[in-house]
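Some notes on the structure that comes next.
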Amino acid sequence: RTDLSGDPTFAELLDRVRETDLNAYAHQDLPFESLVEAVNPTRSTDHQPLYQVMLTLQNHEAQQLDLPGLSVETSSWNTQASRRDLTLTLRERFGPDGEPQGIDGAIQFDATRFSRERVEAMGRWFRQALASLLDDAEQRVGSVDLLSAAEQEEMLRTWNDTAVPTPPGTLPELFQAQAHATPDATALIADGSHLTYDDLNRRANRLARLLIERGVGPEHIVALALPRSPEMIAALLAVLKAGAAYLPVDTEYPVDRIRFMVQDARPTLVLTHTGTVGLWTDDTPTVFLDDPALQAQVAGREAADPTDADRRSPLDPAHPAYVIYTSGSTGTPKGVAVPHLAVVDYLRDTSRRYTGAQGVALLHTSLSFDLSITALFTPLVSGGGVLLAELRDDPQDNEEIRSLGCDFLKATPSHLALLEDLPEEASPRKELLLGGEALLGETLRKWRAGHPDVTVLNVYGPTEASVNCTEFRIDPGDELPDGPVPIGRPMANTQVYVLDAGLRPVPPGVPGELYVAGACLARGYLNRPGLTGLRFVADPYGPAGSRMYRTGDLARWNSDGTLVFMGRADDQVKLRGFRIELGEIEAALTGCAQVSRATAMVREDQEGDRRLVGYVVPEAGGSVDPAEVRDVLAQRLPEYMVPSAVVVLDGLPLTSHGKLDRKALPAPDYTADTGNGPGGRPEKPPRDPREEILTGLFAEVLGVDPDRVGPDDDFFALGGHSLLAARVIGRIRGAMGAQLGIKAFFESPTVAGLARQLGGSTAVRPPIVPVVRPERMPLSFAQRRLWFLYRLEGPGSTYNGAAVLRISGALDAQALRAALGDVMARHEALRTVFPEVDGRPYQHILPAAEARPEVSVETLDEAELAAAVDRAVRHPFDLATELPLRASLFTTDEHRHMLVLVIHHIAGDGWSMGPLSRDLSAAYAARRAGRAPTWTPLPVQYADYTLWQRELLGAEDDPESLLAAQVGYWREALAGIPERLELPTDRPYPERAGYEGGAVPVRVDAALHRALIDLARSRQTTVFMVLQAAVGVLLHRLGAGTDIPIG
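Structure (structure tokens):
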């Protein structure tokens, strides 16, 4: 367990690692399986328990096979199996005089999660980190750069090469240019009426002149509290033409929120209707557009485009074009002011990208949502027509959509289910833009299958970056990825960075905070200079004086230069396209009567169904009615910010560090009756005889009262472990006459689940000496773990070890076969099989005369050799009946051979290859000489070690035993260990861990090897400890956190 908390120097980290490792060595007798049972981590089928990264350093001399008259060369061969996510195996090399010559090795990886390219990059980053740390052991581990200069250049410059010449301009200039180019084209369609570009432009011009007369101009704000209609669009354009920024106000928002927005923005005017009352203070300057007298005044104004000569002051691209309020983390909304420069640059880009906007574009959202910028203005500067209509469930409400259809639509992923149920005409014919929420390929797949000719664009962008700043394009015929759809690459004149807390670029695949820079940035937050300075910061990678926006979103780069959105870095989320600060909702919840504490979160208890849920804790002696809380919130917050459910708790769950444990918050409206009642007794009894029998079997094997076992209690949570699970299976076979696989037990470890499956100290240690064997020899702790995995997964090659040897010369195959028989006779472990009785495995050691080695001899062509070797190293051992050692001899001609020795890990490991090679060499030499080998008998066998180990460790329930003492140490040492390391994988973790593996080489040169040894000596550590610390730093910089378990 490598502790990198507090950002220590590498030297300080080495001291921590030394202390941790020495304590671990002092308690290393506890077998891994017992360790897992003692710590009892949450069982999962998608990863190994306790640690997913392993480091091995082989610092003993590699033993070579020495066969007389033959030349033998070891050939590297990957067994294509991976037992962990990542395993780094290293071997030191030394010269004849002991001088360090470098370190060779490989990173073995789980190919279901990592690509070869990713792991090759990890190898480079490991060497880069090691070189940096050895060069300066006093540097902070959080400042170690993993990326080379070339990699940084690619991420910061090449992937951000988005420059497109864009002439300066303002939003009204863009619209006016289009209106003069296509005056008779339809600009707006609503309620059966069509408004041409010329009509819309002239209406806006007349109102703009009136607004100028009323004192409106650049750097002013005009609020629009109007229904979505042609009148609203004309008023919006009029505000822009007058030089002011428009502030859309959705009159469906709660009164308190509208009042805050108007009070905070201090608009020069509010444009609204006479029926809209009580939404702001009486002294707010208001213009009623439905007042006949006002309408007459507007009609009398000139219809020509206003110019700077008409405005109160010249309109500059740096002036704000609009202000949109977004959710605030303190419970207070904040207004984002976006300048003409940014929105014009954006619209020039979108008008080039989205040709569908030149046809019919459907605008279906409130103008208070910045999705409307794309849906409204891209068509209006491209010559398209904007259809104002709702997306509704009732097809009869979509008459206009059904008659016209649409070519261009921007929506959120949450709209996809609605589009699937609406008439075909509601879906776009050319382009569908999806943004505002994370998009999953599975969510899009059904709609896209029905619209294969439509281009889909997954877009991303906060309001502070002028709507969208990145885009991922899915053209017709493109393969749709599973899982999160990337948010793509930056748009024109935009740069995006994924940075760590020190504003350094993180490697591809590693989560970091997303920053946006370029022409797209907003001016900042209205009347909030402090917050603006906090979120809009200096861009260290741009020109002098440039800024970048800290989005608060997490993202990672793919290796191809596309971005993947990974959620919010803080408590801000997006739901149905609306950005929500959970803090604002929590503030509202806490403001309700009788509520002392509250939190909120977005849950997805069913795939694709994301809902906002509130959790409240009543005041002491008080009570809270969830329905009343929702009613109160509906008066204070917009509809999308009102939780779908409110759950009342006695207290908020906390982690061991005293922080809110969001994972422990229960699902809303949880009614499943699985808890235990008074006295620890289950409230739900067995429901049928099968459950009653299984309950008794659970209790019998676990040694508990049957009344304390409920149908839905998890076997492992009750204290069960893998061997006890096998024992239960044996009891089921005997009591119920039913066969149940251990795999099925692991997947459904409850009475109800199984019922459904069946229905369908300092004392001197004694030496290891030969002892009397029991009738049934138990397994060692290491063996029983491997046996359990064998029973769980069936025969396989995951735990195979292989030696592949190229042999040149006249090989005597008969002598080789006899020599292998001699070796198996010498080592009992090589002639042991593992049958079971009543669910309990035991070691059955075959007599030497019966344990003849499996040696296959095959002559083949060189071209067939690789496939044959691959088949040999991946041989699936059946441990119950098959000897754990096999040999295959492949001959391409009489002087060229390939010998493959495969041993299952239950009988040997990498260290075992040394004695095996030595003994096989001696036996072959003897057999070639026509005699049996003469060697000293082994003093003990593995079976003797097994019994010695059990005697030494004692029983866990004996407080005086060594096992109990070491269990206590490890429980404390591993308390709160991360359930799973967050690693930069290329593919999501599967539901069940696989073992398909790969390997890439790693090499450390002689100079680094010498520096590593020197540092280890100066810090009184070992080379292994330095390497462990360096691996910890690598994983830390790859986003794995500060608590790094390494096996």
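Numbering-wise, the UniProt record's numbering puts 418 at position 418 of the sequence shown, and it's gapless, one number per residue.
Glycine residues also receive a C-beta, built at the ideal position from the N, C-alpha and C atoms.
In this text, all values refer to a predicted model and were calculated from it rather than measured experimentally.
Query, Result
"DSSP-derived helix/strand/coil call for His340", "helix"
"Residue burial classification, Gly622 (beta-carbon count within 10 angstroms, cutoff 16)", "exposed"
"N-terminal and C-terminal residue of the alpha helix (DSSP H) that Ile977 is part of", "Premise fails: Ile977 is in no alpha helix (DSSP H) and is neither H nor E."
"Exposed unless 16 or more other CB atoms sit within 10 angstroms - verdict on Gly794", "exposed"
"DSSP-derived helix/strand/coil call for Ala253", "Here the sequence assigns Tyr to residue 253, which means Ala is not the residue at that position. Correct three-state label for Tyr253: coil."
"Beta-carbon separation (whole angstroms), Leu526 vs Ala337, contact threshold 8 Å", "5 Å"
"C-beta atoms of Ala803 and Leu901 nearer than 9 Å", "yes"
"Contact set for Gly441: own chain, Cβ-Cβ below 7 Å, skip 5 residues either direction", "Leu480, Pro481, Asp482, Gly483 and Val485"
"Bounding residues of the alpha helix (DSSP H) (the contiguous stretch that carries Arg931)", "Element bounds for Arg931: n/a, residue is neither H nor E."
"Among Asp1043, Ser748, Asp191 and Gly243, the one whose alpha carbon lies nearest that of Leu204", "The identity of residue 204 in the sequence shown is Ala, whereas the question assumes Leu. For Ala204, the nearest C-alpha among the options comes from Gly243."
"At least 3 beta-carbon pairs within less than 8 Å: the region 810 to 829 vs the region 874 to 894", "yes"
"Beta-carbon proximity check, Arg556 vs Pro511, cutoff 9 Å", "yes"
"Alpha-carbon to alpha-carbon, Arg773 and Asp909", "24 Å"
"Local conformation of Gln966 per DSSP, three classes", "helix"
"Under the three-state DSSP convention, the category His904 falls into", "strand"
"Separation of Arg84 from Leu783, as counted between CA atoms", "According to the sequence provided, residue 783 is Gln. The question's Leu does not apply to it. Their backbone Cα atoms lie some 18 Å apart in a straight line."
"Closest by C-alpha distance to Gly405, when choosing among Thr74, Leu388, Ala492 and Ser961", "Leu388"
"Which of helix, strand or coil DSSP assigns to Asp713", "coil"
"Sequence ranges, beta strand (DSSP E) only - wholly within the region 793 to 864, length at least 3", "800 to 808 and 854 to 859"
"Nearest-angstrom Cα separation, counted from Leu563 out to Cys469", "11 Å"
"Closest residue to Arg402 among Ala1006, Asp713 and Ser427 (Cα-Cα distance)", "Ser427"
"DSSP beta-bridge partners of Leu223", "Correcting the residue type first, residue 223 is Ala in the shown sequence and not Leu. Answer is Leu247 and Val270."
"Beta-ladder partner(s) of Ile212, from DSSP", "DSSP lists no partner for Ile212."
"CA nearest to the CA of Leu514, picked from Asp500, Val216, Ala819 and Pro1045", "Asp500"
"C-alpha distance - Val617 paired with Asp712, whole-angstrom precision", "28 Å"
"Local conformation of Phe698 per DSSP, three classes", "helix"
"Inside the region 493 to 558 only - alpha helix (DSSP H) runs reaching at least 4 residues", "529 to 535"
"Backbone CA spacing between Asp673 and Arg687 [nearest angstrom]", "Because Asp673 sits at a pLDDT of 30, beneath the cut-off of 50, its placement in the model cannot be relied upon, and the following sentence gives the value as read from the coordinates. Taking the straight line from one Cα to the other gives about 13 Å."
"Short Cβ contact (9 Å threshold) for Arg504 with Asp191", "no"
"Through-space distance from Leu531 to Leu153, alpha-carbon basis", "Note that residue 153 is Glu in the sequence shown here, rather than Leu. So the alpha carbons of these two residues sit roughly 31 Å apart."
"Uninterrupted beta strand (DSSP E) stretches inside the region 399 to 476 (no shorter than 3 residues)", "406 to 411, 428 to 434, 455 to 460 and 470 to 474"
"Pair within 9 Å by beta-carbon distance, Asp110 and Leu86", "yes"
"Where Ile233 falls: helix, strand or coil (DSSP)", "helix"
"The beta strand (DSSP E) enclosing Asp110, as first and last residue numbers", "Pro100 to Asp110"
"Own chain partners of Leu409 with C-beta closer than 6 Å, once the 5 adjacent residues on each side are dropped", "Leu362, Pro428 and Leu432"
"For Pro1045 and Ile977, believed in contact at Cβ under 8 Å, the rounded distance", "6 Å"
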